[in-house]
Structure formats: C-alpha cells, structure tokens
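> Quick one: this structure, given as structure tokens, is what I'll be asking you about.
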Amino acid sequence: MKKKATGLRSLKLLTVKLILTLFLLSIVWVLLYRWVAPPATLHMVKRRAEAGVASKTDPEIKYKFVSLEEMSPQLPLAVVASEDQLFLQHHGFDFEAIWSAFKQNQDSKKIRGGSTISQQVAKNVFLWHGRSYLRKAVEAYFTALIEILWGKERIMEVYLNIAEMGDGVFGVEAASQKYFLKPASEVKRSEAALLAAVLPNPIRYKAHQPSGYVRTRRSRISRAMSRLGGTTYIQSILPETKNEN
Numbered sequence: 056m057k058k059k060a061t062g063l064r065s066l067k068l069l070t071v072k073l074i075l076t077l078f079l080l081s082i083v084w085v086l087l088y089r090w091v092a093p094p095a096t097l098h099m100v101k102r103r104a105e106a107g108v109a110s111k112t113d114p115e116i117k118y119k120f121v122s123l124e125e126m127s128p129q130l131p132l133a134v135v136a137s138e139d140q141l142f143l144q145h146h147g148f149d150f151e152a153i154w155s156a157f158k159q160n161q162d163s164k165k166i167r168g169g170s171t172i173s174q175q176v177a178k179n180v181f182l183w184h185g186r187s188y189l190r191k192a193v194e195a196y197f198t199a200l201i202e203i204l205w206g207k208e209r210i211m212e213v214y215l216n217i218a219e220m221g222d223g224v225f226g227v228e229a230a231s232q233k234y235f236l237k238p239a240s241e242v243k244r245s246e247a248a249l250l251a252a253v254l255p256n257p258i259r260y261k262a263h264q265p266s267g268y269v270r271t272r273r274s275r276i277s278r279a280m281s282r283l284g285g286t287t288y289i290q291s292i293l294p295e296t297k298n299e300n
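Take the position in the sequence shown, starting the count at 1, then add 55; the result is the number in this note's numbering.
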C-alpha cells in the first residue's frame with residue numbers, strides 16, 4: 056500500500072510538472088509571436104502538402120508578413136466590417152454571435168461559425184483546423200492569451216498576414232501583389248472589400264474572378280465600411296501615419 060501511495064504521489068507530481076511546463080511554453084510561444092512574425096502556420100503546411108499531392112503546377116505557398124504600417128487602412132477596416140464589427144469592444148469572444156451560431160447549427164446542415172477575429176488568429180497561428188470540444192477549449196485559452204499579451208493592434212496585424220485569401224495565397228501583401236499587382240499599402244476600399252469578401256471560403260470564392268455572389272458581398276462590405284464611419288472606426292489600432300478616412 057505504501058508503494059502504491061508513493062507511486063500515485065509521483066504520478067500526480069509528474070502531471071502537475073507537465074501542466075506547468077506546457078503552460079510556460081505556451082506563454083513563451085505567444086510572447087515570441089508578439090514581436091516575431093510566424094514563419095508559417097499548420098494550415099499553410101497542410102495546404103502546401105495538399106498542393107503537392109494534387110501535383111499542382113504552382114504548389115508553393117505565397118506568404119509575406121508586413122506590418123500594419125505597410126498596409127492600407129482600408130484592409131483592417133474591411134475585415135472588421137465583414138468578420139467582426141465588435142472587434143474593438145470585446146475581449147476575444149462575442150458570446151451573442153457564438154450562441155446565435157450554435158442555435159442555427161442545431162437546425163441546419165450548413166455550419167455557421169461565430170468566431171471573432173481573435174479566435175481565428177488563435178486557431179490559425181497556434182492550432183490545427185478541426186471541430187472538437189478539445190480544440191475549441193485550447194482555442195479559447197490561446198484567444199485569452201493573445202488578447203492579454205498581444206493587444207488588438209498585433210492581433211489585427213497577424214490576422215491580415217495569415218488569413219488565406221486564395222488558393223495557397225496567405226495575407227494581404229501576397230494577395231495584393233497577386234490580384235492587384237501592387238503592394239498592400241496601395242489597396243483601395245473596393246479592393247479591400249473584395250479580399251474580405253472571399254474570406255469565408257477562399258478556395259471557392261476568387262478575388263481575381265469574382266462571382267456574382269462575391270461582387271454582392273463586396274458591395275455589402277463596402278457599404279458597411281462607410282456605415283462604421285470609415286477608418287475613424289478603427290483609429291485606435293492604426294499607426295499614427297494611417298489615421299485617415
């Protein structure tokens with residue numbers, strides 16, 4: 056019995072040490088990406104592998120990390136208008152949107168997401184894609200961490216760099232160069248709205264060949280950008296040189 060009790064205590068101690076180690080590593084990982092651009096994400100690696108298996112003529116991932124200073128202010132405004140209009144108000148979670156999506160998904164075969172921009176960054180930078188309670192729990196943990204350790208400006212900067220905006224095209228710089236033949240700093244409102252319009256499904260929806268549905272979404276997003284008050288709405292996360300309407 057004494058040996059059994061000793062073994063149980065050793066197991067508990069090992070478990071506690073493992074949990075603390077994982078916790079500290081997660082903090083270090085998040086802090087590292089507070090200042091360092093993610094070299095790649097698991098989703099990028101997956102998309103590259105899929106391209107290789109499919110023997111695509113151009114399987115390489117297009118990805119170039121740029122700062123918010125190197126982006127048109129229309130770009131963060133467009134994704135806020137399209138994806139998460141309460142981005143600046145919430146602390147990582149829009150519980151009303153999550154509950155609304157949950158209720159709709161109970162009665163629909165088409166799954167609707169209720170994730171905020173912060174949740175999408177946590178998922179795409181630190182985790183794998185998939186639908187499970189474990190992944191959602193870990194996603195919530197990393198969402199809270201980046202809200203605390205990064206802040207809104209860095210979250211938006213990373214989101215605009217790692218979001219897939221076309222088949223193997225990640226981030227606004229790669230997308231702007233590919234679709235508009237110019238850097239992200241020169242993107243206009245209608246172009247920013249177009250990139251935001253393809254975000255729900257960047258494989259099906261194409262910025263360079265927008266369908267009627269994508270053009271309709273672009274117009275809706277552009278109107279939302281105006282209703283929010285232009286870039287003044289996101290002034291608190293814009294570099295000083297970008298505070299313009």
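Here a beta-carbon is modelled for each residue, glycine too, at the ideal position from N, C-alpha and C.
It should be emphasised that the depicted structure is a prediction, and the values quoted were computed from it without experimental measurement.
Verify whether the separation of the beta carbon atoms of Leu215 and Met126 is less than 8 angstroms.
Cβ distance < 8 angstroms, so Leu215 and Met126 count as in contact.
> Distance, Cα to Cα, Leu236 vs Leu75?
Using only the alpha carbons, I get a separation of about 48 angstroms.
> For Ala247, which residues in the same chain have their Cβ closer than 6 angstroms to its Cβ, ignoring the five residues on either side in sequence?
Closer than 6 angstroms at the Cβ level, and outside the excluded window around Ala247, lie Gln129, Leu130 and Ala133.
> At which residue ranges does the region 161–240 contain complete alpha helix (DSSP H) runs of 4 or more residues, listed in the order of the chain?
Whole alpha helix (DSSP H) segments, 4+ residues: 172–181, 188–204, 207–217 and 227–234.
> Which of the three DSSP states, helix, strand or coil, is assigned to Lys72?
DSSP places Lys72 in helix when its eight states are reduced to three.
> Quick check on Gly221: buried or exposed, where buried means 16 or more other Cβ atoms within 10 Å of its Cβ?
Its Cβ being crowded by 16 or more others within 10 Å, Gly221 is buried.
> Any idea if His187 is buried or exposed, counting beta-carbon neighbours within 10 angstroms, 16 or more meaning buried?
The question names His, but residue 187 in the sequence shown is Ser. The residue in question, Ser187, is exposed, as its Cβ has fewer than 16 Cβ neighbours within 10 Å.
> Return the residue from the list Phe120, Ser65 and Arg103 that minimises the CA-CA distance to Trp90.
Among Phe120, Ser65 and Arg103, the Cα nearest to that of Trp90 is on Phe120.
> Could you have a look at Phe148 and say whether DSSP puts it in helix, strand or coil?
In the structure shown, Phe148 sits in coil (DSSP, three-state: anything other than H, G, I, E or B).
> Can you tell me which of the three DSSP states Tyr88 falls into?
Tyr88 falls in the helix class under three-state DSSP.
> Put Asn300 into one of helix, strand or coil per three-state DSSP.
For Asn300, the predicted model reports a pLDDT of 46, less than 50, meaning its position is unreliable and no value from the coordinates is stated.
> Near Leu86, which residues of its chain fall below 7 angstroms by C-beta distance, leaving aside the five closest residues on each side in sequence?
Counting only Cβ-Cβ distances below 7 angstroms, and skipping sequence neighbours, we find Leu204.
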